[in-house]
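Chains as they are written, first to last, in the numbering used here: chain A, 3 to 402; chain B, 151 to 598.
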């Protein structure tokens, strides 16, 4: 019996020893392979550009154009590179329900009829017109682009001229234009970058009327304590909740809901939700650990940051950056422009734009950017418990 | 009596190390979840404050040209940028290299510090009043910033509560020795998993004093740099968060660094970190606990971070207690707790990384074959444990005897120096990224 136990113990030791040896053997073998290798390469020359995919495709296409070509049965010039077929044409017009499986480069315009299918990238050196319900891989145009309704682009879309996205279109990745992007109702994209981006109904004006001229209560937290106390009391806020973070930045503990329209002159971090009534003016940055709700006609010159949702009421204007940790809704007539810089808007989840919203720069979302009608906007607000009563409170500024 | 003490010590070791192990499992699991990490890349290029880049250089002739040339080639608007190159009491050609760059590039401001206390904190304290930026970015002299690095690092400052930001450090000399390979895995775990998970979970990623930056007004609000601290970056991190500032982490702002190639240099480096962290723990624990700006979990995690190097002596204490119990015939207790200690202790080593975190980091970085190297991390584990215990013993004995604090020691560089010589490390030297041509201009070397 004792011998049997000893044998079992020895077998256990042998197996255990082999397993230990094996892991060190494999580790040593791997080390010998890796010895002398450098870390995974970081591209130190990397520069982020919004139209990277389209520019990269154009550069590759330029290289392909230098390769030897032949003429196919239909008289089109064809370049074959490995498994890729690149078709070169003066113009290309595809009829309804047509399809093409080649990469296409047109010297001038490109167009396709409704329900067409293009499974590879297209580079139109003129304008491009895509019929409704068509499906494309990716499209770069040196002129203007016009997408019909319910078109699906699997990847990116880029143009040098104006870019019009029809109602209900879906673009899987970035849209970029060096002129203007107009998004139809129901359109869904991942991000848009252009000097001017507008949703359906936008007339091209960078402001929707002048900012409302109301009497505002100045809230300058850098003043002496007694003055700040008077200002806070007049706004229905508690000075006890105020904590100085830095020379130009304050923390307000709890929800912030001034009872009158204010002009905020210093950076403020709200450790809760923030509800600003109509016609407030923010001259510095505003951050909320919760959500941020701005009533109609508010004007923000700084950045708006929230860990939760961001809601901008009708006719709000902003000229800084907007970042929502969850989702965001910009109401009708919201404008985001800055003459000195491009603005950027980003929501970690979804970004919803009502009709007639315009931004000069970039709109992006971790989920999707969508253009919603009044029903969609109502649903967005209902999901967050913002009812008509809350909207009336938000709209109730001193001057409204 | 001895047995009771041994049992208590062993139990204490197991509890502490198990808590740390659980914490690391949670971080790794959070990084494996499908939730998108918090990041600021979409704002890269849209946030353009006035920036001062501070580079403190003490006898850095081997690497000075590389970092300065890298910064000169960055894509940030020069109207809003200044590079403050600090020649910190150098006795080699560092000052000449800085002056040469400053003469050719107006964006570079040369500052020469002739005397005063040693240490990076002291150099930064000297240079900060001369910097005009709203944001101060910091790089160590052995780092290689990419062209867009500055834009990536300043993006989070659009949030008015962000007081400091940290990018990701990636070793450049990975495959040179076994140690550099192991440190590369450890860095990946520390940044790809530890820092990003802490940021995602609303805890505090650590500002590492390089490949990062601080808002000038935030720095002012906490009284500037602590030149007395051996880890002025850790000290600043927790002074900022205790006041209410946040630290942001940008995982995609990756920057190359050199890691120690020899165990001796590694021992000194981790010893300095251990001493600095523990100093910060004693100095800042009460302000962290009293802070009204921190939540319970943020306070708890901050104390975990600052106490992390104490886990090495706690582990050794557990080992000693196990031996005592074993040789005093307390087999039943010793066996149970020793197995638990082995399990928990095995998770803890090096720079707050665990085996599980190493594996997850390798997976996220697309370098999953590197997990095969993990058994070799035991060498790093034992070496680090010894170095940390030694450093902390010296620290506490020094405090008891009143002999003052340990001296700051510069970490050795391995790149070829300006004269084309190499440091004798037995493995050759890492090539320079830039070389100076006959016209005096620096160009990127083909082997860089």
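Heads up, the beta-carbon is just placed ideally off N, CA and C, and yes, glycines get one too. Computed from a predicted model, the values in this text were never measured in an experiment.
Problem set entry | 7 Å Cβ cut-off: residues of chain A touching residue 195 of chain B | 50
Residue 403 of chain B versus residue 48 of chain A: straight-line alpha-carbon distance, rounded
11 Å
task = Starting from the C-beta of residue 425 of chain B, find all residues in its chain whose C-beta is less than 6 Å away, skip the five residues before and the five after it, and write them out in chain order.
result = 380, 541, 545, 556
*Starting from residue 370 of chain B, find everything on chain A with Cβ-Cβ shorter than 9 Å and list it in chain order.*
248, 249
Any Cβ of chain B within less than 8 Å of the Cβ of residue 33 of chain A? yes
Note to self: Quick check: what's the CA-CA separation for residue 387 of chain B versus residue 347 of chain A?
What the structure shows: 29 Å
- Hey, could you find the ends of the beta strand (DSSP E) residue 177 of chain A is sitting in? 176 to 179
- Does the Cβ-Cβ distance between residue 321 of chain B and residue 407 of chain B come in under 8 Å? yes
Notebook entry, point to check: Any idea if residue 446 of chain B is buried or exposed, counting beta-carbon neighbours within 10 angstroms, 16 or more meaning buried?
Noted result: exposed
Q. From which residue to which residue does the beta strand (DSSP E) around residue 294 of chain B run?
A. Where residue 294 of chain B is concerned, there is no enclosing beta strand (DSSP E), given that its DSSP letter is neither H nor E.
### Query
Closest by CA to residue 129 of chain A, which one among A:309, A:104, A:173, A:92?
A:92
Give me the DSSP bridge partner(s) of residue 86 of chain A.
A:83
Note to self: Pop quiz: residue 417 of chain B and residue 314 of chain B are said to be a contact at Cβ under 8 Å. What is the actual Cβ separation, rounded to whole angstroms?
What the structure shows: Wrong, their Cβ atoms sit about 29 Å apart, outside the cutoff.
For a contact meaning CB atoms closer than 7 Å, what does residue 519 of chain B contact in chain A? 32
- Check whether the Cβ atoms of residue 179 of chain B and residue 338 of chain B lie closer than 8 Å to each other. no
ask   = Is the Cβ-Cβ distance between residue 229 of chain B and residue 36 of chain A less than 8 Å?
value = no
**Prompt:** Does DSSP put residue 463 of chain B in a helix, a strand or coil?
**Reply:** helix
query = In the structure shown, what three-state DSSP assignment does residue 375 of chain B receive?
reply = coil
*How about residue 96 of chain A and residue 371 of chain A: do their beta carbons lie closer than 8 Å?*
no
Determine the extent of the beta strand (DSSP E) in which residue 368 of chain A is found, giving its start and end residues.
360 to 373
*asked:* Can you confirm whether residue 57 of chain A, when its beta carbon is compared against all beta carbons of chain B, has any partner nearer than 8 Å?
replied: no
Q. When the Cβ atoms of the stretch 155 to 168 of chain B are set against those of the stretch 459 to 471 of chain B, are three or more pairs found closer than 8 Å?
A. yes
What residues of chain B sit near residue 117 of chain A, judged by a beta carbon separation below 8 Å?
None at all; the shortest Cβ gap to chain B is about 34 Å.
Ignoring anything shorter than 4 residues, give me the alpha helix (DSSP H) runs that lie fully in the stretch 303 to 352 of chain B, in order along the chain. 328 to 338, 346 to 350
Q.
Here's the rule I'm using: 16 or more other beta-carbon atoms within 10 Å means buried, otherwise exposed. How should residue 233 of chain A be labelled?
A. buried
Go through its chain and collect everything with a Cβ distance to residue 123 of chain A's Cβ below 7 Å, but skip five positions before and after it.
59, 105, 139, 140
Q) With distances taken from CA atoms, which of A:386, A:385, A:376, A:361 is nearest residue 188 of chain A? A) A:376
| said: Among the candidates A:77, A:71, A:98, A:296, whose CA atom is the shortest distance from the CA of residue 88 of chain A? | reply: A:71
Between which two residues does the beta strand (DSSP E) harbouring residue 331 of chain A extend?
330 to 332
Name, please, each residue of chain A whose Cβ falls closer than 9 Å to the Cβ of residue 455 of chain B.
-> Simply none; closest approach about 22 Å.
Notebook entry, point to check: Mind checking if residue 226 of chain B is an interface residue toward chain A, Cβ cutoff 8 Å exclusive?
Noted result: no
Counting only the same chain and skipping the five closest in sequence on each side, list residues whose C-beta sits under 7 Å from that of residue 656 of chain B. Since the first and last residues shown for chain B are 151 and 598, residue 656 of chain B lies out of range.
What are the start and end residues of each continuous alpha helix (DSSP H) run of 4 or more residues lying completely inside the stretch 231 to 287 of chain A, in chain order? none
Review point. So does the stretch 262 to 269 of chain A actually touch the stretch 280 to 291 of chain A, counting three or more Cβ pairs closer than 8 Å?
Key: yes
Exercise for review: Using only alpha-carbon positions, find the residue among B:243, B:249, B:405, B:413 that is nearest to residue 288 of chain B.
Suggested key: B:405
Three-way DSSP call (helix, strand, coil) for residue 199 of chain A in this model = strand
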